[in-house]
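Participant: Starting off with a structure, shown below.
There are 2 protein chains.
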Amino acid sequence: MDLAPNQTAAVAPGTEARGPLAGFRILELGHYVAAPFATRLLGDLGAEVIKVEPPGGDPVRQWGARYKGSAPWWSVHARNKRCITLDLKKPGAREVVLDLVRTCDALVENHRPGQLAKMGLGEEVLRAAKPDLVIARVSGYGQDGPDRDKAAFGVIGEAIGGLRHLTNHAPGTTDLPPVRVGVSIGDSVAGIYAALGVVAALLRRERTGQGGEVDVALSESIFSLLEGALPEYGALGAVRQPSGGGIATAAPSNAYRSRDGVWVLIAANSEPLWRKLAALMGQPELAADPRFSGNQQRVAHVRELDGLINAWTVTLDAAALEAALRGADIPHTRVYTVADIAADPQMRARGMVQQVQDGMLGPILHPGVVPRVDGTPNAPRSTGPAVGADNDAVLGALPGYDAARIAALREEGVL
Amino acid sequence: MDLAPNQTAAVAPGTEARGPLAGFRILELGHYVAAPFATRLLGDLGAEVIKVEPPGGDPVRQWGARYKGSAPWWSVHARNKRCITLDLKKPGAREVVLDLVRTCDALVENHRPGQLAKMGLGEEVLRAAKPDLVIARVSGYGQDGPDRDKAAFGVIGEAIGGLRHLTNHAPGTTDLPPVRVGVSIGDSVAGIYAALGVVAALLRRERTGQGGEVDVALSESIFSLLEGALPEYGALGAVRQPSGGGIATAAPSNAYRSRDGVWVLIAANSEPLWRKLAALMGQPELAADPRFSGNQQRVAHVRELDGLINAWTVTLDAAALEAALRGADIPHTRVYTVADIAADPQMRARGMVQQVQDGMLGPILHPGVVPRVDGTPNAPRSTGPAVGADNDAVLGALPGYDAARIAALREEGVL
Chain A
1 MDLAPNQTAA
11 VAPGTEARGP
21 LAGFRILELG
31 HYVAAPFATR
41 LLGDLGAEVI
51 KVEPPGGDPV
61 RQWGARYKGS
71 APWWSVHARN
81 KRCITLDLKK
91 PGAREVVLDL
101 VRTCDALVEN
111 HRPGQLAKMG
121 LGEEVLRAAK
131 PDLVIARVSG
141 YGQDGPDRDK
151 AAFGVIGEAI
161 GGLRHLTNHA
171 PGTTDLPPVR
181 VGVSIGDSVA
191 GIYAALGVVA
201 ALLRRERTGQ
211 GGEVDVALSE
221 SIFSLLEGAL
231 PEYGALGAVR
241 QPSGGGIATA
251 APSNAYRSRD
261 GVWVLIAANS
271 EPLWRKLAAL
281 MGQPELAADP
291 RFSGNQQRVA
301 HVRELDGLIN
311 AWTVTLDAAA
321 LEAALRGADI
331 PHTRVYTVAD
341 IAADPQMRAR
351 GMVQQVQDGM
361 LGPILHPGVV
371 PRVDGTPNAP
381 RSTGPAVGAD
391 NDAVLGALPG
401 YDAARIAALR
411 EEGVL
Chain B
1001 MDLAPNQTAA
1011 VAPGTEARGP
1021 LAGFRILELG
1031 HYVAAPFATR
1041 LLGDLGAEVI
1051 KVEPPGGDPV
1061 RQWGARYKGS
1071 APWWSVHARN
1081 KRCITLDLKK
1091 PGAREVVLDL
1101 VRTCDALVEN
1111 HRPGQLAKMG
1121 LGEEVLRAAK
1131 PDLVIARVSG
1141 YGQDGPDRDK
1151 AAFGVIGEAI
1161 GGLRHLTNHA
1171 PGTTDLPPVR
1181 VGVSIGDSVA
1191 GIYAALGVVA
1201 ALLRRERTGQ
1211 GGEVDVALSE
1221 SIFSLLEGAL
1231 PEYGALGAVR
1241 QPSGGGIATA
1251 APSNAYRSRD
1261 GVWVLIAANS
1271 EPLWRKLAAL
1281 MGQPELAADP
1291 RFSGNQQRVA
1301 HVRELDGLIN
1311 AWTVTLDAAA
1321 LEAALRGADI
1331 PHTRVYTVAD
1341 IAADPQMRAR
1351 GMVQQVQDGM
1361 LGPILHPGVV
1371 PRVDGTPNAP
1381 RSTGPAVGAD
1391 NDAVLGALPG
1401 YDAARIAALR
1411 EEGVL
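Note that the protein sequences, when read in sequence, are chains A and B. When the letters of the first sequence are read in order and numbered with our numbering, they come out as residues 1 to 415. When the letters of the second sequence are read in order and numbered with our numbering, they come out as residues 1001 to 1415.
This is how it looks when you write it as structure tokens:
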């Protein structure tokens, strides 16, 4: 998919970092999603990120759809990063990591808890190299506690955090299982929290000189999203239950099917909006129907209500349905696929869909930077590089690493 | 629900702030979820937060289940905040806001774009009062672009960000609509991003003296979670589709029903794990079945595969099923409700479930702090206060606000 030229962002690799974190240097000892997403966000905000991969590369390089022999995801997941290889199981790698740590402000990792310490890279060793280092660790269940050594699977952390239970149709509606949120939500939210923890600790360091340890658990990151569920349970014994496409406390708000099979979300969960919708449906009397008068009654009869609305929506193609809702000023949207997002005028106007030049893949679409901070570059400075692409440049800039030493590391299989 | 005494955290209101953001002061002009969640996170990390509410209070005070006349959620949502009232529509409020701004490092708001400017609190006015202020704005679609003035409904932003489409059973499986992620995911993720933006801008300010503007859109925050969906679409025209309780690219990984009706998540999506599971099911021959040999074949036949696994799980009660999976070392968990979370030994060991003393509600359960940063208080310093509880203390500490002036503001209905 091509964007019009005036919506094309040109990437100039090596462009000087801008953004609020320009001047900070982050070392990533990560793989898969959580830690690399944290450092991607830090890089998007201007930090210099050095990612360490095993010589075979991070498995994400092959995840999802493939294009020209690699994953388009990689172009985004590793943008604004310099990628070097190190076989951390080789004894020679440890010293290289410590030499890198000496030049960095923070380290972000998502190995199993305790694994870096087993490799001789425990906290004391890292602090001996860089006393004010900020160390952020992402794991399934946290760095301590009885379950810290359990294997971390994203879907399991999400289920333990309470989100899988709540992402389901209402009890009694279907025998189908609860739905997975369609993305790696646990890893991603943990990654954002890790980025927040790193920046907060760096801010403290700026004033006190003190380093810090950030400990983010995937299960806890998900649990943090559960609003009032815990205090409500504690106070009332109420166990929150799922409510399908609706909201447990407001109606109508759901996705309804159009004649041509598109799901259209309608949020008419206030008295004036519901009156407008009933009129638009040609059934103004519904607004006065005691089953649907007031939010509480509508919630109590939500299945009948949604059924009536759906019986109306299936008589209209999506375009006509959207036009009618727009005309009546009722909040709505078709349920966007990524194709809808890529074409959306607001997303484009905000630079959230950009075409950039990838050295390996050619022109490729990248999402924009979130959060937008004034002065943050709106375009990526670089796309995800090849395995070990920056070995010579990054190591060569370390004191004492001349060409012969780098060649020796390569010879020993450390790189 | 009571925790055992040794798991009880006592709250001492007024406890001195600790945590990496101690010493920073944040003004919240927010309501509902997104901006208040951002400032709750900043407060959890040690910042002093002053929340401005209309004299009637933030509607969230009444959201969700009620207990002793208020929402248990409020105890958590407004913890570590001082709450003052200001009727921003009254002319006298503007000067009070500016006097507060002069004492603060950052302002976080989620009014409609442009609304604060209409109240005489636009960027230039705020900067005139505090030139290096960090201003963070959360909105549905961003501070500019053709849709900036559209009403922001969380569910609509989530649908535009692409998550509603992906959170559904696979096409052709059911006529039921896509599922809402069972929490205010868009508001919450936007809130975390806003907190990240604030702290990043404060870090830059520490080095440069420069303030900053943070602009977070709910729709874009959700879109940021879509992994490789955009570059895959751009390169290949591939539109990512939902896959129910499973993962599109790995199998088996789903929730399966026990005999006693509990959903148990099983993640056996590797060759050794799948062999173990087939053996545990008493059907080791399935591992060699060409339909299920290798991940690609299992994904292609995932409905048959899930059906076979479910036919086994429904023969066992959840406790027996979990014991069997644990014995075979196959990653699994029951799908946690909030009751399961509250009882979970790991969550308790990590301080993620704490009993605190709420001045209005009595003992109440609070979730712990995410991310955990060493030195961050593990217990909240205070619970969500009553409307206007801190009017006198906060205003009285401003230069020039004596008792007579505060009384006059109260008289005018500004407070």
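Glycine included, every Cβ here is placed at the ideal spot set by N, Cα and C.
Look up residue 1257/B in the DSSP assignment and say whether it is helix, strand or coil.
Facilitator: In the structure shown, residue 1257/B sits in a strand (DSSP, three-state: E or B).
Participant: With H, G and I counted as helix, E and B as strand and the rest as coil, what does DSSP make of residue 1330/B?
Facilitator: If DSSP states are grouped into helix, strand and coil, residue 1330/B belongs with coil.
Participant: Report the residue ranges of all alpha helix (DSSP H) runs contained in full by the region 1382 to 1412 of chain B; include only those spanning at least 4 residues, in chain order.
Facilitator: Counting whole runs of 4 or more residues, the region 1382 to 1412 of chain B contains the alpha helix (DSSP H) stretches 1391 to 1396, 1403 to 1411.
Participant: Which chain B residues sit within Cβ distance under 7 Å of residue 352/A?
Facilitator: The contacting residues are 1220, 1223.
Participant: Can you pull out the residues from the region 1325 to 1337 of chain B whose beta carbon lies closer than 8 Å to at least one beta carbon of chain A?
Facilitator: So the list reads 1331, 1332, 1333, 1334, 1335, 1336, 1337, given in the order they occur along the chain.
Participant: What does residue 168/A touch in chain B if you count any residue whose Cβ is under 8 Å from its own?
Facilitator: The contacting residues are 1179, 1182.
Participant: From 1063/B, 1092/B, 1069/B, pick the residue whose C-alpha is nearest to that of residue 1408/B; which is it?
Facilitator: Comparing Cα positions, the closest option is 1092/B.
Participant: Near residue 188/A, what residues of its chain come up, given a Cβ to Cβ distance below 8 Å and the 5 sequence neighbours on each side ignored?
Facilitator: Excluding sequence neighbours, residue 188/A sits near 33, 34, 37.
Participant: Under the three-state reduction of DSSP, which class applies to residue 213/A: helix, strand or coil?
Facilitator: Note: residue 213/A maps to strand in three-state DSSP.
Participant: Closer than 8 Å, CB to CB, is residue 1275/B near chain A or not?
Facilitator: No, no contact with chain A.
Participant: Consider the C-beta atom of residue 1165/B and the heavy atoms of the ligand FAD; say whether any pair is separated by less than 7 Å.
Facilitator: The ligand content of the structure shown is nil, which means the ligand FAD is not present either.
Participant: Please confirm if residue 339/A has its CB atom under 8 Å from at least one CB of chain B.
Facilitator: Closer than 8 Å: yes.
Participant: Identify the continuous beta strand (DSSP E) that holds residue 362/A and give its terminal residues.
Facilitator: Taken as a continuous stretch (DSSP letters only), the beta strand (DSSP E) holding residue 362/A covers 362 to 367.
Participant: Could you confirm whether any beta carbon from chain A is found closer than 8 Å to the beta carbon of residue 1298/B?
Facilitator: It does not; no Cβ of chain A falls within 8 Å.
Participant: If you draw a straight line from the alpha carbon of residue 366/A to that of residue 354/A, how long is it in whole angstroms?
Facilitator: About 5 Å.
Participant: Where residue 1237/B and residue 70/A are concerned, what is the direct C-alpha to C-alpha distance, given to the nearest angstrom?
Facilitator: Cα-Cα distance, rounded: 16 Å.
Participant: Could you check how far apart the C-beta atoms of residue 60/A and residue 74/A are, in whole angstroms? I think they sit under 8 Å.
Facilitator: The Cβ separation is near 6 Å, so the contact holds.
Participant: What are the residues that DSSP puts in a beta bridge with residue 417/A?
Facilitator: Examination of residue 417/A is not possible in this model, given that chain A is present from 1 through 415 alone.
Participant: According to DSSP, simplified to helix, strand and coil, what is residue 9/A?
Facilitator: Summary for residue 9/A: the model assigns pLDDT 46, below 50, so the residue's position carries little reliability; its value from the coordinates is reported in the next sentence. Coil.
Participant: If residue 1180/B sits next to residue 309/A, beta carbons under 8 Å apart, how far is it from one beta carbon to the other, in whole angstroms?
Facilitator: No, residue 1180/B and residue 309/A are not in contact; Cβ-Cβ is about 16 Å, not under 8 Å.
Participant: Determine the extent of the beta strand (DSSP E) in which residue 263/A is found, giving its start and end residues.
Facilitator: Where residue 263/A is concerned, the enclosing beta strand (DSSP E) stretches over 263 to 267.
Participant: Counting C-beta neighbours from all protein chains within 10 Å, is the total for residue 260/A 16 or more, i.e. buried, or is it exposed?
Facilitator: Exposed, since its Cβ has fewer than 16 Cβ neighbours within 10 Å.
Participant: Residue 1007/B to residue 1047/B, Cα distance in whole Å?
Facilitator: In this predicted model, residue 1007/B has a pLDDT of only 45, less than 50, meaning its place in the structure is not dependable; the value taken from the coordinates is given anyway. The alpha-carbon atoms of residue 1007/B and residue 1047/B are separated by roughly 25 Å.
Participant: Quick check: what's the CA-CA separation for residue 332/A versus residue 286/A?
Facilitator: Taking the straight line joining both Cα atoms gives about 20 Å.
Participant: Roughly how many whole angstroms lie between the Cα atoms of residue 1198/B and residue 199/A?
Facilitator: Near 10 Å, if we compare the C-alpha coordinates of residue 199/A and residue 1198/B.
Participant: Along the chain, where does the beta strand (DSSP E) containing residue 125/A start, and where does it finish?
Facilitator: Per DSSP, residue 125/A belongs to no beta strand (DSSP E); it is in the alpha helix (DSSP H), 123 to 129.
Participant: Based on Cα-Cα distance, which residue from 274/A, 126/A, 148/A, 98/A lies nearest to residue 213/A?
Facilitator: The residue with the shortest Cα to Cα distance from residue 213/A is 126/A.
Participant: Is residue 1396/B buried or exposed, if buried means 16 or more other CB atoms sit within 10 Å of its CB?
Facilitator: When all chains shown are included, residue 1396/B counts as exposed.
Participant: In the DSSP assignment, find the alpha helix (DSSP H) that holds residue 1240/B and state where it starts and stops.
Facilitator: Neither: residue 1240/B is in no alpha helix (DSSP H) and is coded neither H nor E.
Participant: In terms of alpha-carbon separation, which member of 1020/B, 1067/B, 1064/B, 1031/B lies closest to residue 1044/B?
Facilitator: Answer by Cα proximity: 1020/B.
Participant: Are any of the Cβ atoms in chain B nearer than 8 Å to that of residue 379/A?
Facilitator: Answer no: the Cβ-Cβ gap between residue 379/A and chain B never drops below 8 Å.
Participant: I need the boundaries of the alpha helix (DSSP H) containing residue 1107/B, first residue and last residue.
Facilitator: Not the alpha helix (DSSP H): residue 1107/B falls in the beta strand (DSSP E), residues 1106 to 1109.
Participant: Where residue 1067/B and residue 155/A are concerned, what is the direct C-alpha to C-alpha distance, given to the nearest angstrom?
Facilitator: Looking at the two C-alpha atoms, the distance is approximately 33 Å.
Participant: Looking at chain A, is there any beta carbon in it that lies within less than 8 Å of the beta carbon of residue 1346/B?
Facilitator: Residue 1346/B counts as touching chain A.
Participant: Which residues mark the beginning and the end of the alpha helix (DSSP H) in which residue 1219/B is found?
Facilitator: Taken as a continuous stretch (DSSP letters only), the alpha helix (DSSP H) holding residue 1219/B covers 1218 to 1223.
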